[in-house]
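Protein chains in written order, with this note's numbering: chain A, 803 to 1399; chain B, 1076 to 1426.
First up is the structure itself, then whatever we jot down about it.
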Amino acid sequence: MVNDFAFKIATVNGTGSASANGLLMQAIYRMGIPVSGKNVFPSNIQGLPTWYEIRVSKDGYTARPANVDLIVALNPATYAKDVAAVRRGGWLLYDSSWPLDRALRRDDITILGVPFGNMCVEAFAGDRERTLMRNIAYTGALVALLDIDMDVVSEIIREQFTKKRALLDSNFRALHLGYDYAKKNFSCPLPIRLERMNATRDQVLLDGNTAAALGCLYAGATVGAWYPITPATSLMEAFTGFCKRYRVDPQTKRNNYCILQAEDELSAAGITIGAAWAGARAFTSTAGPGISLMSEFIGLAYYTEIPGVFFDIQRTGPSTGMPTRTQQADLLSIAYLSHGDTKHIALFPSNPAECFYMSVTAFDLTERFQTPVFVVSDLDIGMNDWMVPRLTWEDSYRPDRGKVLDAAQLEKVQRFSRYLDVDGDGIAARTLPGVSPKGAYFVRGSGHDKHAAYTEDSAEYREVVDRLARKLKTAEEAVPAPEIRRRNGGSSVGVVALGGTHAAMLEACDRLAAEGIEVDYMRIRSFPFGTAVREFLDAHETLFVVEQNRDAQLRSLLAIETGIARDRMIPVLDYGGLPLTADFVTSQVARELEAHV
Amino acid sequence: MTSIQKPPVRHPSLQANSLGLTKRDYEGAMSTLCAGCGHDSVTAAIVQAFYELEIPPHRAAKMSGIGCSSKTTAYFMRQSHGFNSVHGRMPSVASGANAANRDLIYIGISGDGDSLSIGLGQLCHAIRRNVDMLYLLENNGVYGLTKGQFSASADVGSKSKRGEANVQRPIDPVLLALSLGATFVARGFSGDKTRLVPMLKAGLRHKGFALIDVISPCVSFNDHEGSTKSYRFTRENYHELAPVDFVPLQREITASTEAGASVSVTMHDGSIVRFREVGTDYDPTDRDAAYAHVRARQERGEIVTGLLYIDESSSDMHETANTVARPLVDLPYDSLCPGSAALDALMDEYR
Chain A
803 MVNDFAFKIA
813 TVNGTGSASA
823 NGLLMQAIYR
833 MGIPVSGKNV
843 FPSNIQGLPT
853 WYEIRVSKDG
863 YTARPANVDL
873 IVALNPATYA
883 KDVAAVRRGG
893 WLLYDSSWPL
903 DRALRRDDIT
913 ILGVPFGNMC
923 VEAFAGDRER
933 TLMRNIAYTG
943 ALVALLDIDM
953 DVVSEIIREQ
963 FTKKRALLDS
973 NFRALHLGYD
983 YAKKNFSCPL
993 PIRLERMNAT
1003 RDQVLLDGNT
1013 AAALGCLYAG
1023 ATVGAWYPIT
1033 PATSLMEAFT
1043 GFCKRYRVDP
1053 QTKRNNYCIL
1063 QAEDELSAAG
1073 ITIGAAWAGA
1083 RAFTSTAGPG
1093 ISLMSEFIGL
1103 AYYTEIPGVF
1113 FDIQRTGPST
1123 GMPTRTQQAD
1133 LLSIAYLSHG
1143 DTKHIALFPS
1153 NPAECFYMSV
1163 TAFDLTERFQ
1173 TPVFVVSDLD
1183 IGMNDWMVPR
1193 LTWEDSYRPD
1203 RGKVLDAAQL
1213 EKVQRFSRYL
1223 DVDGDGIAAR
1233 TLPGVSPKGA
1243 YFVRGSGHDK
1253 HAAYTEDSAE
1263 YREVVDRLAR
1273 KLKTAEEAVP
1283 APEIRRRNGG
1293 SSVGVVALGG
1303 THAAMLEACD
1313 RLAAEGIEVD
1323 YMRIRSFPFG
1333 TAVREFLDAH
1343 ETLFVVEQNR
1353 DAQLRSLLAI
1363 ETGIARDRMI
1373 PVLDYGGLPL
1383 TADFVTSQVA
1393 RELEAHV
Chain B
1076 MTSIQKPPVR
1086 HPSLQANSLG
1096 LTKRDYEGAM
1106 STLCAGCGHD
1116 SVTAAIVQAF
1126 YELEIPPHRA
1136 AKMSGIGCSS
1146 KTTAYFMRQS
1156 HGFNSVHGRM
1166 PSVASGANAA
1176 NRDLIYIGIS
1186 GDGDSLSIGL
1196 GQLCHAIRRN
1206 VDMLYLLENN
1216 GVYGLTKGQF
1226 SASADVGSKS
1236 KRGEANVQRP
1246 IDPVLLALSL
1256 GATFVARGFS
1266 GDKTRLVPML
1276 KAGLRHKGFA
1286 LIDVISPCVS
1296 FNDHEGSTKS
1306 YRFTRENYHE
1316 LAPVDFVPLQ
1326 REITASTEAG
1336 ASVSVTMHDG
1346 SIVRFREVGT
1356 DYDPTDRDAA
1366 YAHVRARQER
1376 GEIVTGLLYI
1386 DESSSDMHET
1396 ANTVARPLVD
1406 LPYDSLCPGS
1416 AALDALMDEY
1426 R
């Protein structure tokens, strides 16, 4: 139970609990112990239930836990549900300013009451401060109960409030109110407790949207266009923050970037495409509803071969769906977004670190292949803090701008034809406006021939779209290869997943192995699928495809693209909007295998 | 059917501008619009304006959406990059291109369907951003490519070719632009090239979003009796506010004492727009007065043309965004990437 447990804090949103919860997670991380946190929040500003789940794992497992050892129940509206989530023999911490609510009673757990409300009413003045400090008070109680290092907690509070003296004092007072009460009234620490480790030294706590924004910064993106939408908003906000810090010309104090908040996602897509056409590295960040709106522009960019990076921070669909819950349900729509024959390059980061590196890859791929590239993340990766290895950068990196003819190169060609495949890889050279009169051509979403001239001729039309298919074929082997983990000697059972479920998948594979079920695991990292994906599917007799949507979209994509029969792949589907747990995968796979034997 | 290129014939007597280019060098592919289409006259005026302004064609970018008007970007300046985008969305593409490369001269061609129906939002927000571009709205009150449906600019009572009268109130791009804070608002008539050319030149030199609504009759679907966008109706009912002269910066001295000039506006680059014979009751820098004037004339069934409003003092998109003077596309990668040491230091903040 040391360094291996999970606890959950149930509060009401808008009461300031987020910073207290962040403080707890950060303190555990600084004690050198692997930790992960999932913020389960409402699509609301104030008054609805919100939860924060913290998992401590000495073995480094970061997936969401299936149940918790301790619940801090501070929201009467969710008492019954919250207390039910505690495992047998676990603990409940509640606010004993009021009598124990009937809904909180359970015989098989230990109930700990601290009068947080009364304490704060006595110690602080004003409703706002009393509400805020109640969060720090429960933090103090947890510090005592879980044996969190008080010095570390104090250090973090000091860092946060050095410039706000009054708040600093209040925070320390509240912290000790909870801490002292717990020390005096309970046997601290509980059996679930922490001990210092040294497992986080080369790690950082980072969310995927911040990491992706950093990737855009490092890739040299200069134009960002967006329309606010959860859970993608924080990506462009982080980019804006980084640009203000790293992209202001020291001499002129003017910006080496242009970020435009557009009137809608259609416009954000148009701005991205316009900027990329003019030669900038440009991107937009959005979620499912925005992807739907961008669809027409994506078809234009595909057909006219204009780059652009499109971040889709997936949330629960369809329609508005559950904006603050996660899912992997945009896979099929992104793969073939827009009317007519289209296919798009997509990258699937599994954690914030990969969001950083894949953002850079996305810019290289979009310019090399002159087609939109999607970075398909999700709310869990994008908005939660994950423990990932420190990001590093190779200073030798230079952007891959693809085939772009400059004025001198244009001078040497007899006649520039925009859509002529000179090298046989399906990729034609492009030119940028303003460079040379010889490079001028007319971008049109209407039928065009290889010279970019208007056409309604079948053969001329087909010549262009056949080359586009060839180009996407070339991309199959240029996009990031899948990550494949084979058990000793290989298994006949293969499990396939992508994106943020990776953490749960790794844990599930280990747990299945512990139960005597050896499985090989493939994490798909990109679309279109390369030969490695097909080979893995071919090589396994029994296949599971684990994904977070109702309709087994990844399975469909695999069937469409590889020709492997759909029925040969057993779907494991979790689509309720919360991050995947290893429990779910383990039990589903074990059950199916049992049924198949 | 493929597009038709014009043979590069050059008449020996053709005059060249200071770049050594003749008007032929500012032309594009053969127009595939109907014979007599107002849009072709506008195209000719654009050729004239660019030629006279001596703009190197490859330094201009032609932006458009979908529709008859949007097709015309193919019919001028073949040595310019052109971007025929999706229906109603040209303003966003132009905004993005301008964000990336502020040094190019952007001309957007749109129509009343493209701008006032499907693309109304994009037009409004390009005006709000004050993107530095000339936006031409070739206005014929009708959907031509789909054969004659009313557009959002059709006047109440104006009759379609089949005889039915339009009942919905029109959206007037000029009044719309004035109310949204546009910094250059004009109305022209495709049948009056002499007055259109200086208007285009002033619009191209305007720093910010220049909207020119050009009444450009559709000979196939809206040029009949009963239409308020026909050649005849427009000719009979348009009233030029005041002819304008566009005086480029370098020519200022020679043309400085034009007789009858009553109002002059100095543009951002030092060029001058001079309103000839404008009445003392009209001030083209007074937004409210311009709005009231157009409305009052409209009530009398008149179409006011001319450069109606100009504001050279407002910030364009880049000034608002405080972007560097150099186009973003020209910034070397080294100046954009903070490097490994900065990343390493930054990582310490995430623990």
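Don't be surprised by glycine CBs; every beta carbon is placed ideally from N, CA and C.
Point to revise | Neighbour-count burial assignment, R1490 (chain B), 16 or more Cβ in a 10 Å radius | key: Residue 1490 (chain B) is absent from the model: chain B starts at 1076 and stops at 1426.
Since A865 (chain A) and L1382 (chain A) should fall inside the 8 Å C-beta cutoff, what is the C-beta to C-beta distance between them, to a whole number of angstroms? Contact flag correct, Cβ pair sits at about 7 Å.
_Per DSSP, the bridge partner or partners of R1287 (chain A)_ = Answer is A:Y1323.
N-terminal and C-terminal residue of the beta strand (DSSP E) that S1139 (chain B) is part of: The continuous beta strand (DSSP E) containing S1139 (chain B) extends over residues A1135 to S1139.
- Using a beta-carbon distance below 8 Å, is P1318 (chain B) in contact with chain A? For P1318 (chain B), the answer is no, since every Cβ of chain A falls outside 8 Å of its Cβ.
* Those residues which DSSP pairs with C1060 (chain A) across a bridge -> Paired residue(s): A:V1025.
- Query: What are the start and end residues of the alpha helix (DSSP H) that includes T941 (chain A)?
  - Reply: Counting along the chain, the alpha helix (DSSP H) containing T941 (chain A) begins and ends at D929 to L948.
Grouping DSSP H, G and I as helix and E and B as strand, with all else coil, what is M1124 (chain A)?
The answer is strand: DSSP assigns M1124 (chain A) an E or B state.
task: Would you be able to state if there are at least three C-beta pairs under 8 Å between the region 1074–1088 of chain A and the region 1168–1175 of chain B?
output: Output reads yes: the region 1074–1088 of chain A touches the region 1168–1175 of chain B.
Which residues bound the beta strand (DSSP E) around P1248 (chain B)? Where P1248 (chain B) is concerned, there is no enclosing beta strand (DSSP E), although the alpha helix (DSSP H) it sits in stretches over P1248 to L1255.
Practice item. Give the secondary structure of Y1263 (chain A) by DSSP, where H, G and I count as helix, E and B as strand, and everything else as coil. Key: Y1263 (chain A) falls in the helix class under three-state DSSP.
- chain A beta carbons: is any one of them nearer than 8 Å to that of R1099 (chain B)? Answer no: the Cβ-Cβ gap between R1099 (chain B) and chain A never drops below 8 Å.
Assuming contact is defined by CB atoms lying nearer than 8 Å, are L1279 (chain B) and L1209 (chain B) in contact in what I supplied? Less than 8 Å separates the beta-carbon of L1279 (chain B) from that of L1209 (chain B).
- Query: Under 8 Å between C-beta atoms, does Y1150 (chain B) make it to chain A?
  - Reply: Judged by the 8 Å Cβ criterion, Y1150 (chain B) is not in contact with chain A.
### Task
Please report how far the alpha carbon of L1316 (chain B) lies from the alpha carbon of G1381 (chain B), in whole angstroms.
When rounded, the separation of the alpha-carbon atoms in L1316 (chain B) and G1381 (chain B) is 5 Å.
Need the endpoints of the beta strand (DSSP E) that V1245 (chain A) sits in, please. Here the beta strand (DSSP E) through V1245 (chain A) covers F1244 to R1246.
* So is Q1455 (chain B) buried or exposed if we call it buried at 16+ other beta carbons inside 10 Å? -> Outside the shown range of chain B, which is 1076 to 1426, sits residue 1455 (chain B), and nothing can be said about it.
Query - Whole runs of the alpha helix (DSSP H) within the region 1276–1318 of chain B, excluding any shorter than 4 residues - result: Entirely contained in the region 1276–1318 of chain B, the alpha helix (DSSP H) runs reaching 4 residues are, in chain order, 1306–1312.
(message) In chain order, what are the residue ranges of uninterrupted alpha helix (DSSP H) at least 4 long that sit wholly in the region 818–881 of chain A?
(response) The region 818–881 of chain A contains these whole alpha helix (DSSP H) runs: 819–832.
Checklist entry - When the Cα of N1092 (chain B) is compared with those of B:S1155, B:L1198, B:H1281 and B:E1129, which residue comes out closest? => result Of B:S1155, B:L1198, B:H1281 and B:E1129, the residue nearest in Cα terms is B:E1129.
(message) Let me make sure I understand the geometry here. Which of A:S898, A:I1147, A:F1041 and A:N805 has the alpha-carbon closest to that of L948 (chain A)?
(response) Of the candidates A:S898, A:I1147, A:F1041 and A:N805, A:N805 places its Cα closest to the Cα of L948 (chain A).
Interface positions of the region 1072–1088 of chain A facing chain B (Cβ-Cβ less than 8 Å), listed along the chain:
Considering only beta carbons, the part of the region 1072–1088 of chain A lying closer than 8 Å to chain B consists of G1072, I1073, T1074, I1075, G1076, A1077, A1078, W1079, A1080, G1081, A1082 and A1084, in chain order.
Requested in this report: Just the C-alpha distance for H1299 (chain B) and T1086 (chain A), rounded to the nearest angstrom, thanks.
Outcome: So the alpha carbons of these two residues sit roughly 47 Å apart.
Q) Roughly how many angstroms separate the alpha carbons of T1332 (chain B) and P1323 (chain B), rounded to a whole number? A) Note on T1332 (chain B): pLDDT 44, under 50, position unreliable in the model; the coordinate value appears next. Going from the Cα of T1332 (chain B) to the Cα of P1323 (chain B) covers about 14 Å.
- The beta strand (DSSP E) spanning M1371 (chain A) covers which residue range? Here the beta strand (DSSP E) through M1371 (chain A) covers M1371 to L1375.
Check: Taking the alpha-carbon positions, what's the R1164 (chain B) to Q1224 (chain B) distance?
Finding: Distance between the alpha carbons of R1164 (chain B) and Q1224 (chain B): 21 Å.
Practice item. Express the C-alpha separation of N1214 (chain B) and I1193 (chain B) in angstroms, rounding to a whole number. Key: Their Cα atoms are separated by approximately 15 Å.
Rounded straight-line distance, which links the Cα of P917 (chain A) to that of L894 (chain A): Straight-line spacing of the CA atoms in L894 (chain A) and P917 (chain A) works out to 14 Å.
Where Y1390 (chain A) sits in the DSSP three-state scheme: First, the amino acid is wrong: residue 1390 (chain A) is Gln here, not Tyr. Three-state result, Q1390 (chain A): helix.
Span separating the alpha-carbon of M827 (chain A) from that of I1031 (chain A): Taking the straight line joining both Cα atoms gives about 26 Å.
Beta carbons nearer than 9 Å to chain B: which residues of the region 1237–1248 of chain A have them? Cβ contacts with chain B come from V1237, S1238, P1239, K1240, G1241, A1242, Y1243, F1244, V1245, R1246, G1247 and S1248.
Quiz prompt | Unbroken alpha helix (DSSP H) run spanning H1368 (chain B), endpoints | solution = First-last of the alpha helix (DSSP H) with H1368 (chain B): R1362 to E1374.
Query raised in the report: So, A943 (chain A) versus Y983 (chain A), is the Cβ gap smaller than 8 Å?
Result: Taking a C-beta distance under 8 Å as the contact criterion, A943 (chain A) and Y983 (chain A) qualify as a contact pair.
Inset, instruction - Can you tell me which of B:Q1123, B:N1159, B:L1421 and B:V1117 puts its alpha carbon nearest to the alpha carbon of S1248 (chain A)? - result: Check the Cα spacing between S1248 (chain A) and each of B:Q1123, B:N1159, B:L1421 and B:V1117: the tightest is with B:N1159.
Nearest-angstrom Cβ-Cβ length linking L1007 (chain A) and Y1181 (chain B), presumed shorter than 8 Å
The pair is not a contact, with the Cβ atoms about 45 Å apart (cut-off 8 Å).
ask   = Which class does G1378 (chain A) belong to by DSSP, given the choice of helix, strand or coil?
value = Look at G1378 (chain A) here: in three-state DSSP terms it is coil, with no helix or strand label.
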